[in-house]
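**Q** In this note's numbering, the protein residues as written are 5 to 1088.
Ideal placement from N, C-alpha and C gives every residue a C-beta, glycine not left out.
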Amino acid sequence: MTASLERRADRSWRVRVVFLVLVFMAASLLPAQTNKPTPHNPHGPISIACENCHTTISWSPIRKTVEFDHNRETKYPLRGMHQNVECNSCHVKKVFTNVGHQCADCHADLHRRQMGTNCQGCHSVNGWRVNVNAIKRHQNRFPLLGAHAAVECEACHRGAASGVFVGLSTECMSCHQRDFQQGRPLDHVAANLPGTCETCHTMDRWQGAKFDHAQFTRFSLTGAHAQLACTSCHIENRFQGTSTECFGCHAQAFTATKNPNHVAAGFPHDCSGCHTTTTWLGVTFDHNSTKFPLTGAHISVQCTACHVAGRFVGTPLNCSGCHLADFEKTSNPDHRHLNFSMQCDTCHTTANWQGAKFDHNTLTKFPLTGAHATVACTSCHLNGQFTTASSGCVSCHLQDFNKTASPNHVAAGFPTTCNACHTTVQWRGAKFDHNTSTKFALTGAHVSVACAQCHKNNVFVGLAMDCASCHLADFNKTTNPNHLTAGFPTNCAVCHNTTQWPGAKFDHSKTRFALTGAHVTVTCAQCHVGGKFTGTAMDCFSCHLKEYNATTNPPHKSAGFPTTCNTCHTTVAGWGGANFDHASTGFALVGAHTTVQCTQCHVNGNFTLASAACINCHLADYSGANNPPHKAAGFPQDCTMCHSMVTGWGGATFDHSKTPFPLTGAHVTVTCAQCHVGGKFAGTTMLCYGCHQAKYVATTNPNHQAAGFPTDCSVCHPTASWLTATFNHNTATKFALRGAHVNVACGLCHVNNVFAGLSTACANCHMAAYNATTNPPHKTSGFPTTCDTCHTTVAGWAGATFNHATTGFALVGAHTSVQCAQCHVSGNFSLTSATCINCHLTDYNGTTNPRHKTAGFPQDCTLCHTMVAGWGGATFNHATTGFALTGAHTSLQCAQCHTNNNYSLTSAACVNCHLTNYNATATPNHTAAGFPTTCDTCHSTTSWAGAVFDHAKTGWALTGIHATTACALCHVGGNFSLTATACYGCHQAVYQATTSPNHIAAGFPTTCDTCHTTAAWTGATFNHTWFRIPHHSAKLCTDCHANSSDYSVFVCTNCHLKPQTDANHSGNKNYVYDSAHCYACHKQ
């Protein structure tokens, strides 16, 4: 780039020399006379006065300061470095208008057309340095983070003259293939590692790569695995296909293990079932993960007690597999002879063999309740019979059943299901629920009747439930009424109830003739003559024939009235007030008809009229009507179309809306004859023009006929008034009237009565106003003639608004109050650039805190500033640099990190600023201890003090008391490079000083965690091999192990005294009574 500028400067100097020589030669050839013709203009068409550049002395040299504003008088404003370039660097020829405006017209394309011709996409007029927008585009595809941010472009794009900028791969291998191939100490190629470098490396530094074994493989490194070198498992740099099974590495340990013998026992190869990655020893087996969880006494049983001869596969899970001998020798009760189930857990628990319980309620079909719960088993299970005992009551209580005399169960044939009346709580006080156990519920007086009154001679089965079986005598002797002669049913419950015998009631409504009105008080004998209660007729006529025949007003018989009296009469006492519903005939009586006597229509007692037409009675009225003459006009004979039932024919109305022409407005009050001329009511036209043609032709304001208005008057005129016609310009045309247009007279727009074909463009009417406007000058500025872009139809042109957002540059903040002329200088509204720097370059160059220009800040002011008035309150999103400010960093001044206005920092490492703190730290001494300079491993940005180190990441997590132990207690002398995590390394002195028991003398292992925990040193526990401690009365180790120097020596005979051989050991060869021999057999 520098060489290019030097060549351009040299070319510019040579051009100026040639230009001056030509000017001098031209001047020497000029004639001395002043009255010669004007010399030839070498610049071609140009509007600049000669004296703006030349002097009156000579054409050359030109004036030191020319009077020419390149920014205002050309379409190419000079910005940035263009302001200091000599004119002839661009205007090589004297014709100034022949210079192009594109970058490529002057600047050679070093990118070989890879980036297009839009140089300003990456470069700016302030220099060739890539601008922020180009960096942003780079971030979209390949963000420059970490070390990449400090790399020069040419490092990847291989030189500007031959570089490739488009289509480069973003894969690491495209640049780092050589690093991959030469990677050591791990040979990446031999290990067949993937070419995705970011899997292990970061953007910050190439060294110190970390491989997340858990994320990228299916084998997390935990416990002792975390401390192993990679080659311990990946032998000969073989990283693919390595087995993740324990057996893949630990086969030898598996095969060599004898206690227990893993191979012989057929143990699975999945070591993690018992072992952990923390330590190989101290193995635990979770028996609960098998199909036989250990509970109760099973927990303390030695493995070999069940897994005899090291057999761990196929061990039976049922109780009898171990407890068959116990089962067979049990005599109370005798499990074997009583055929008890061998499923011991039915009665026994693992907590205690004795005190077995049998849940009679859930395991049998006979729950024990009441007195049964306290009965001894043998009371029911005689002779040890537990499998065939009957659950029927009578199997135990037959004797009680047979001897019961009150009542006599046997004689009465009672069922032997005792629980029907008795409960298990108490034998006496039995109760029989007559309501649920029989089909005859006891209610009323029946409840207090003694059983024997109904169940005579102890007969409880087969008794009839009908009333007559007990009450037949009462039925036969009843005389009021005489039930027997009247043939009453013997079902007493029809009238009587169980509460009281007298006061019987008969519900007549249950018959087909309910008693209402006067019928309620009539005695039964009035209708049921001679005590006849069956076959009585229910029709009115059977009782009221005499009244029917005697009635004369009207005469029912002669008029042929029906004999169904209830058609007009009710059961209310007295025949008066009969009503006939005339509507039931199909001719309801309304209006004047309601007061007409029946005989006025039903002449001569004729009640069988068939027609209800008005004309049958009103033909004379129809024929005599003359206003209008009904008969002559051919009116229909259905009087109801105009007349009502109101008394008198006056007030007839005709509903014109039932015709196709409803009457509205002034039409309502027009007499019929005005439209229906000559009594013509049929075929009358409904068009306005048919009646109003003369008014249409005579109208001159506006002239309807000349303007070609439609003859449909209703478009503008209402029926209410002929005047005040209105035209809805909004719906009837495509030009709605708004604002000031609403009050404009039609003739102002529709000149010479032209109402069709007019344009709706604003300029058709407002062109004169457009041309005369000077603030701003619409015409010279080339404003569009669509006035509604800025103006509204509100009266007056003032208050026009322009939506600046439509230009692509919305006005917000302080820009909203800036006058147009401040940006659009000299009425220039054709600005094409919206960049901040076009207006704010002076502010940019003059800013000193920080110095924008010297720091090379981007000229896109919006990156930090807002549109709010004043430059104050600028904010910068530091997170966009790749280094977000958090904690104490947020309150620091920029200059504390960016010293001397250096804002081109490339590294975000802590040590760049905090090296002094690192070197000065003494507790612990970071330098001496070789701590890493990545401060954020322990420190946070919130506070420098209170650093926290996650010890678990070292492979040795701090638990219990270790969590509160000071670092220096373990890391003596500032040694933080410890590799061993064995307890003995720190606790050797404690181990050696322990006397109870003496660890050294007893030869205890130095793996303290076998007995001790990190929670507390005291309270150690030892997993005793053969039986639980305490063992009977022995609670301390010294109770059995008298020699604290040798715990392999023990004594049993201190507690288990046996002064002489007993019968139990008869026949045992070599039987010796001492601790070693006793323990050989009795290990529990």
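Who pairs with residue 556 in a beta bridge, going by DSSP?
**A** 559
**Q** Distance check for residue 326 and residue 356, CA to CA, integer angstroms please.
**A** 15 angstroms
**Q** Tell me the DSSP secondary structure of residue 304 in three-state form.
**A** helix
**Q** Mapping the DSSP letters down to three states, classify residue 1068 as helix, strand or coil.
**A** helix
**Q** Thinking C-beta only, is residue 195 closer than 9 angstroms to residue 231?
**A** no
**Q** Between residue 485 and residue 535, is the Cβ-Cβ spacing less than 9 angstroms?
**A** yes
**Q** Roughly how many whole angstroms lie between the Cα atoms of residue 964 and residue 948?
**A** 27 angstroms
**Q** Take residue 128 as the anchor and find which of 970, 85, 638 has the nearest alpha-carbon.
**A** 85
**Q** Could you check which residue in 169, 152, 189, 171 has the C-alpha nearest to that of residue 180?
**A** Per the C-alpha coordinates, the member of 169, 152, 189, 171 positioned closest to residue 180 is 152.
**Q** Suppose contacts are defined by Cβ-Cβ distances below 9 angstroms. Is residue 852 in contact with residue 893 by that definition?
**A** no
**Q** If we require 4 or more residues per run, which alpha helix (DSSP H) segments fall completely within the segment 70 to 122?
**A** 74 to 77, 91 to 94
**Q** Following the continuous alpha helix (DSSP H) through residue 258, name the residue where it begins and the one where it ends.
**A** 251 to 260
**Q** Check residue 1038 in the structure and name its three-state DSSP category.
**A** strand
**Q** Tell me, please, whether the segment 1009 to 1024 touches the segment 973 to 987 by the rule of three or more beta-carbon pairs shorter than 8 angstroms.
**A** yes
**Q** Using beta-carbon positions only, say whether residue 470 and residue 495 come within less than 9 angstroms of one another.
**A** yes
**Q** Tell me residue 131's beta-bridge partners as DSSP assigns them.
**A** 128
**Q** Return the first residue and the last residue of the alpha helix (DSSP H) that residue 775 is part of.
**A** 767 to 776
**Q** Looking at C-alpha atoms only, which residue of 786, 1029, 1086 is the closest neighbour of residue 1056?
**A** 1086
**Q** Only counting the same chain, and skipping five residues up and downstream in sequence, which positions put a Cβ closer than 7 angstroms to that of residue 1054?
**A** The answer, listed in chain order, is 1044, 1045, 1079.
**Q** Mapping the DSSP letters down to three states, classify residue 911 as helix, strand or coil.
**A** coil
**Q** Quick check on the DSSP output: the alpha helix (DSSP H) that includes residue 476 runs from which residue to which?
**A** 472 to 481
**Q** Please report the straight-line C-alpha distance between residue 122 and residue 103, rounded to a whole angstrom.
**A** Rounded to whole angstroms, residue 122 to residue 103 spans 18 angstroms at the Cα level.
**Q** When the Cα atoms are used, what is the spatial distance from residue 247 to residue 925?
**A** Residue 247 and residue 925 have their C-alpha atoms roughly 46 angstroms apart.
**Q** Could you tell me the distance, in whole angstroms, from the CA atom of residue 341 to the CA atom of residue 352?
**A** 19 angstroms
**Q** For the candidate residues 89, 130, 110, whose alpha-carbon lies nearest to that of residue 842?
**A** With distances taken between Cα atoms, residue 842 lies closest to 130.
**Q** Would residue 418 be called buried (16 or more neighbouring beta carbons within 10 Å of its own) or exposed?
**A** buried
**Q** Using C-beta distances below 8 angstroms, list every residue in its chain close to residue 476, excluding the 5 sequence neighbours before and after it, in chain order.
**A** Exclusion of the five residues before and after residue 476 leaves 494 as the residues of its chain whose Cβ lies within less than 8 angstroms of its Cβ.
**Q** Please report the straight-line C-alpha distance between residue 564 and residue 596, rounded to a whole angstrom.
**A** 27 angstroms
**Q** Sort 968, 921, 919, 980 by Cα distance to residue 933 and report the nearest one.
**A** 980
**Q** Leaving aside the five residues before and after residue 279 along the sequence, list all residues of the same chain whose C-beta is less than 8 angstroms from its C-beta, in chain order.
**A** 250, 287
**Q** Report, in whole angstroms, the separation of the C-beta atoms of residue 177 and residue 169, which I expect to be a contact under 8 angstroms.
**A** Contact between residue 177 and residue 169 does not hold, since their C-beta atoms are separated by about 20 angstroms, which reaches or exceeds 8 angstroms.
**Q** So, residue 626 versus residue 605, is the Cβ gap smaller than 9 angstroms?
**A** no
**Q** Would you mind reading off the limits of the alpha helix (DSSP H) that contains residue 439?
**A** 438 to 441
**Q** Examine the Cβ distances between the segment 627 to 637 and the segment 578 to 593 and report whether three or more of them are shorter than 8 angstroms.
**A** no
**Q** Where does residue 404 fall in DSSP's three states?
**A** helix
**Q** Given this structure, state the Cα-to-Cα distance separating residue 508 from residue 490, to the nearest angstrom.
**A** Cα to Cα, residue 508 sits roughly 16 angstroms from residue 490.
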